[in-house]
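A.B. asks:
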Amino acid sequence: MAGVNRGPASGDELGDDPAGVVVDAVGKTYDDGGTPVRALDDVSFAVESGEFVCVVGPSGCGKTTLFRIIAGLTEATDGEIRVAGSPVTGPTTDMGVVFQEYHLFPWLTVEENVGFGLERTDRSAAERERRVDEMLDLVGLTEFRDSYPKSLSGGMKQRVAIARSLAVDPELLLMDEPFGAVDAQTREMLQRELLDVWASTGKTALFVTHDVAEAVTLADRIVVMASEPGRIAEIVDVDVSRPRERGDPAFGEHVARVRDLIGARP
Ligand code: ADP
Ligand code: MG
1 MAGVNRGPAS GDELGDDPAG VVVDAVGKTY DDGGTPVRAL DDVSFAVESG
51 EFVCVVGPSG CGKTTLFRII AGLTEATDGE IRVAGSPVTG PTTDMGVVFQ
101 EYHLFPWLTV EENVGFGLER TDRSAAERER RVDEMLDLVG LTEFRDSYPK
151 SLSGGMKQRV AIARSLAVDP ELLLMDEPFG AVDAQTREML QRELLDVWAS
201 TGKTALFVTH DVAEAVTLAD RIVVMASEPG RIAEIVDVDV SRPRERGDPA
251 FGEHVARVRD LIGARP
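The numbering of the sequence shown is full-length UniProt numbering, which starts it at 1 and goes up by one.
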């Protein structure tokens with residue numbers, strides 16, 4: 001339901017939504033002996049099944065912390081995350097997670113990296129093989145199936161990571177600055193590819209970035225964060241028709257508005 005801003009949601013309206021995410025009054029204080037850091041304070045929003053939501057904000061505003069809490073990798077100090085109505089208590093295979101660094105296994109081939117998560121499912125060998133083939137095709141890496149990560153470019157490595165995260169067919173795709181380490185041209189190509197994958201699979205996507213133009217390219221809605229403490233400044237609907245062109249005035253207006261929101265708060 002792009003374009004409809006429900007604003008911060010604290011309720012259970014998405015309780016039955018199979019891939020709905022509710023971030024409910026989440027707070028996080030890092031307190032490891034020194035001065036405690038309030039990385040997140042009272043962060044609430046909801047993501048609907050099939051929606052593409054970007055979280056954007058300056059470095060240090062708590063984006064990675066929020067990503068890790070949603071993924072079940074870090075515990076919140078306050079509040080909770082619910083996916084399909086159930087509180088997140090640890091990592092699950094219902095989420096495909098793509099990190100800022102590629103996190104590929106260097107000793108496995110592209111094909112083996114993509115199939116890694118499938119090994120732990122109850123699919124037959126033939127099914128797993130078919131699924132890996134589909135994923136390699138989806139990200140255009142079929143001819144590199146026997147290559148090792150070290151021989152791939154950054155953009156290709158991140159495609160492998162995306163294929164791996166999609167292989168187990170998670171309801172939710174969770175990404176933390178996945179294109180941060182690639183050059184601008186490759187980045188725009190990967191954005192287009194990700195949008196194609198999202199559109200063709202109907203996945204719910206939650207994508208963290210500090211790049212405002214990237215967020216406006218991808219998102220139905222943008223959760224704009226401010227820092228110290230990390231919190232929501234505003235949630236912006238991106239009412240720009242797809243495919244989006246950077247030269248489109250509406251695109252530029254959204255970029256300016258989000259930049260303004262980030263700059264306007266300390
Ligand atoms: P972002 O991803 O937006 O750059 P982070 O979530 O990485 O922000 O960090 C938010 C704040 O929490 C920063 O002030 C950072 O220094 C602090 N922080 C992040 N991780 C830790 C940690 N493990 N221990 C202590 N402080 C941390
Ligand atoms: Mg980060």
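We put the CB at the ideal spot given by N, CA and C, even for glycine.
#1: Any chance the CB of K28 is under 6 Å from a heavy atom of the ligand MG?
#2: Does A199 pass the burial test, meaning 16 or more other C-beta atoms within 10 Å, or should it be called exposed?
#3: Thinking A213 and C54 are a contact (beta carbons under 8 Å), I'd like their distance in whole angstroms, please.
#4: Which of the three DSSP states is assigned to G96 in this structure?
#5: From the DSSP secondary-structure annotation, give me the bridge partner or partners of I232.
#6: What whole-angstrom Cβ distance do L152 and G96 have, given they're in contact under 8 Å?
#7: If I'm right that Y30 touches V37 with Cβ under 8 Å, what's the distance once you round it to whole angstroms?
#8: In the structure shown, what three-state DSSP assignment does D196 receive?
#9: For S86, which residues does DSSP report across the bridge?
#10: Less than 6 Å between the CB of G62 and some heavy atom of the ligand ADP, yes or no?
#11: Would you report the Cα separation of I222 and A233, rounded to the nearest angstrom?
#12: Give every residue of the same chain whose Cβ lies closer than 8 Å to the Cβ of S147, excluding the five residues on either side of it in the sequence, and list them in chain order.
#13: Assign D248 to one of three DSSP states: helix, strand, or coil.
#14: For H254, count the other beta carbons within 10 Å of its own beta carbon; 16 or more makes it buried, fewer makes it exposed. Which is it?
#15: Could you check where the beta strand (DSSP E) with R38 kicks off and where it finishes?
#16: Since A250 contacts V240 with CB under 8 Å, what's their CB separation in whole angstroms?
#17: Just to confirm the assignment, what range does the alpha helix (DSSP H) spanning F67 have?
#18: Rounding to the nearest angstrom, what Cα-Cα distance links A126 and V56 in this structure?
#19: Ignore the nearest five residues each way along the sequence and tell me which others in T93's own chain have a CB closer than 8 Å to its CB.
#20: How should Q185 be labelled, buried or exposed, when 16 other C-beta atoms within 10 angstroms of its C-beta is the threshold for buried?
C.D. replies: Looking at the atomic coordinates:
#1: no
#2: exposed
#3: So it is not a contact: roughly 11 Å between Cβ atoms.
#4: strand
#5: Bridge partners of I232: M225.
#6: Not confirmed; about 20 Å, so no contact.
#7: 4 Å
#8: helix
#9: V83
#10: yes
#11: 11 Å
#12: T109, V110
#13: Residue state, collapsed to three classes: coil.
#14: buried
#15: 37-47
#16: 5 Å
#17: Per DSSP, F67 belongs to the alpha helix (DSSP H) from 63-70.
#18: A direct Cα-to-Cα measurement between A126 and V56 gives close to 41 Å.
#19: G117, R120, T121, V168, P170
#20: The residue in question, Q185, is exposed, as its Cβ has fewer than 16 Cβ neighbours within 10 Å.
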